[in-house]
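Participant: In UniProt numbering, the protein residues as written are 1 to 63.
#1: Which two residues bound the contiguous alpha helix (DSSP H) that contains residue 3?
#2: Work out the CA separation of residue 51 and residue 14 for me, nearest whole Å.
#3: CB-CB under 6 Å to residue 55, same chain, minus the five flanking residues each way: which ones, in chain order?
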């Protein structure tokens, strides 16, 4: 029984270790790698979405 518990323990340890390593690598890539860039990237303004103009009001027609 103890052998099965040791196998389960080592499988979980390897899985959790690989998950931790992949999370560290993903965080390292997201930050931008080693060194990085001190300059700020130019901010691109978002386009302003204007609401559509209301239809022009027409005077009532006289019949």
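Virtual Cβ for every residue (Gly too), placed ideally from N, Cα, C.
Facilitator: Let me lay it out:
#1: Taking the first residue of the chain shown as 1, we reach residue 3 at position 3. Here the alpha helix (DSSP H) through residue 3 covers 2–31.
#2: Here residue 14 refers to the residue found at position 14 when the chain shown is read from its first residue. Here residue 51 refers to the residue found at position 51 when the chain shown is read from its first residue. Whole-angstrom Cα-Cα distance: 56 Å.
#3: Numbered from 1 along the chain shown, position 55 holds the residue referred to as residue 55. The answer is none, since no qualifying residue turns up.
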